[in-house]
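Heads up, the thing below is written out as structure tokens.
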Amino acid sequence: MNYELISVILPVYNQAGHIAEIVEEYETTLQRVHTPHELLLVVNGSRDNSLEVCQELAGKYSTIRVIHEAKGGWGLAVKRGIKEASGDLICYTNSARTTGKDLTLLLLYAVAYPQVVIKANRKIRENFRRRLGSLLYNLQCRYLFDLSYWDINGTPKVFPRQFDRLLSLSRDDDLIDAEFNVICRRQDYPVLEVPIFSTKRHGGKSTTSYKSAFRMYWGAYQLWRAARKGEI
Numbered sequence: 007m008n009y010e011l012i013s014v015i016l017p018v019y020n021q022a023g024h025i026a027e028i029v030e031e032y033e034t035t036l037q038r039v040h041t042p043h044e045l046l047l048v049v050n051g052s053r054d055n056s057l058e059v060c061q062e063l064a065g066k067y068s069t070i071r072v073i074h075e076a077k078g079g080w081g082l083a084v085k086r087g088i089k090e091a092s093g094d095l096i097c098y099t100n101s102a103r104t105t106g107k108d109l110t111l112l113l114l115y116a117v118a119y120p121q122v123v124i125k126a127n128r129k130i131r132e133n134f135r136r137r138l139g140s141l142l143y144n145l146q147c148r149y150l151f152d153l154s155y156w157d158i159n160g161t162p163k164v165f166p167r168q169f170d171r172l173l174s175l176s177r178d179d180d181l182i183d184a185e186f187n188v189i190c191r192r193q194d195y196p197v198l199e200v201p202i203f204s205t206k207r208h209g210g211k212s213t214t215s216y217k218s219a220f221r222m223y224w225g226a227y228q229l230w231r232a233a234r235k236g237e238i
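Structure (structure tokens):
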């Protein structure tokens, strides 16, 4: 199967200082995929001039579309991007943490293995606290949802449009990644995890804290309850 267009969704939140560098890196490396692509920059809830910077990039690159979402939220931005995407192969990723090399690698896997969900499995965390927090969350999700995946939140995530249940994700927050994996499990969508070893962060600071980690653990439990009721 040959894909006609790849849609890459990049939520942008207060990244005016480095989003241009990221986009330029992506535009260079994506040429190796040899499939037409579009970059959807979903500027969501930003308090800096990220929107203006992204609009300037759209003027420079014909492949870029800018989507302005007034409200913030990782899941909200991902959903808006999926809704606006035109491609028959769809990808979303955390632009602050994804290198052009890693993005291209996963897209090449997706092209080589059609009708398979391709997702990153980040093997390294930058400090012990993040390693422990990630391990606990992943073990919790594996247990609650009978998952075999080791990195629930790992991005990029790439899937063919034919897996239409993934087009209607519902979460507005960080739990959208867990919902994504649960749907793959329930719909029997085959999933291939690709190990990623890079830890580079393009800029800004992580918003992960003990409070946000607790919200993730509690949110996973609530998602499990919703799944038992057939709401997912």
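Numbered according to the working numbering, the sequence shown spans residues 7 to 238.
Even glycine gets a Cβ: it sits at the ideal position worked out from N, Cα and C.
Close Cβ partners of residue i (< 8 Å) along its chain, the five nearest in sequence each way excluded
| i | result |
| --- | --- |
| G51 | Y19, E75, A76, K77, G78 and G79 |
| M222 | Y143, D180 and L181 |
| S56 | V18, Y19, N20, Q21, A22, I25 and V49 |
| P120 | M7, Y9 and P166 |
| A232 | I238 |
| L300 | Any question about residue 300 goes unanswered here, given that the chain covers just 7 to 238. |
| T35 | G106, K107, L109 and T110 |
Close-in-space but distant-in-sequence residues of the same chain around residue i (CB under 7 Å, 5 per side omitted)
| i | result |
| --- | --- |
| C190 | V123 and V197 |
| I158 | Y143, N144, C147, D183, A184 and N187 |
| Q61 | V72 |
| L153 | C147, N187 and R191 |
| R86 | V48, I73 and E75 |
| L172 | F165, F186 and I189 |
| V59 | A22, I25 and A26 |
Proximity below 8 Å, CB of residue i to CB of residue j
| i | j | result |
| --- | --- | --- |
| K125 | K89 | no |
| C147 | I15 | no |
| Y195 | D94 | no |
| L46 | A91 | yes |
| D54 | A22 | yes |
| R177 | G81 | yes |
| E27 | R71 | no |
| I12 | L113 | yes |
| T41 | V117 | yes |
| W156 | E199 | yes |
Expected contact under 8 Å - CB spacing of residue i and residue j to nearest Å
| i | j | result |
| --- | --- | --- |
| G160 | R137 | So it is not a contact: roughly 14 Å between Cβ atoms. |
| I73 | V39 | In fact, because the Cβ distance is near 22 Å, the residues do not count as touching under 8 Å. |
| S204 | T105 | 5 Å |
| A219 | L150 | Contact flag wrong, Cβ pair sits at about 16 Å. |
Cβ shell of residue i (< 6 Å), same chain only, five flanking positions each side left out
| i | result |
| --- | --- |
| V84 | Y98 and I182 |
| Q169 | Residue 169 is actually Phe in this sequence, not Gln. Here the set comprises Y195. |
| query | Is the stretch 30-40 touching the stretch 109-123 in the sense that three or more CB pairs, one from each, lie closer than 8 Å? | reply | With a cut-off of 8 Å, the stretch 30-40 and the stretch 109-123 count as touching, because enough Cβ pairs lie within range.
| Considering only residues of the stretch 20-84, which uninterrupted alpha helix (DSSP H) runs meet the minimum length of 4 residues and lie entirely inside it, listed in chain order? | Within the stretch 20-84, the complete alpha helix (DSSP H) runs of at least 4 residues are 25-35 and 56-66.
| Segments assigned beta strand (DSSP E), at least 3 residues, entirely inside the stretch 83-116 | Counting whole runs of 3 or more residues, the stretch 83-116 contains the beta strand (DSSP E) stretches 95-98.
| query | Which whole runs of the beta strand (DSSP E) in the stretch 159-215 are 3 residues long or more, in chain order? | reply | Secondary structure in the stretch 159-215: the beta strand (DSSP E) runs of 3 residues or longer, each lying completely within the stretch, are 163-166 and 197-202 in chain order.
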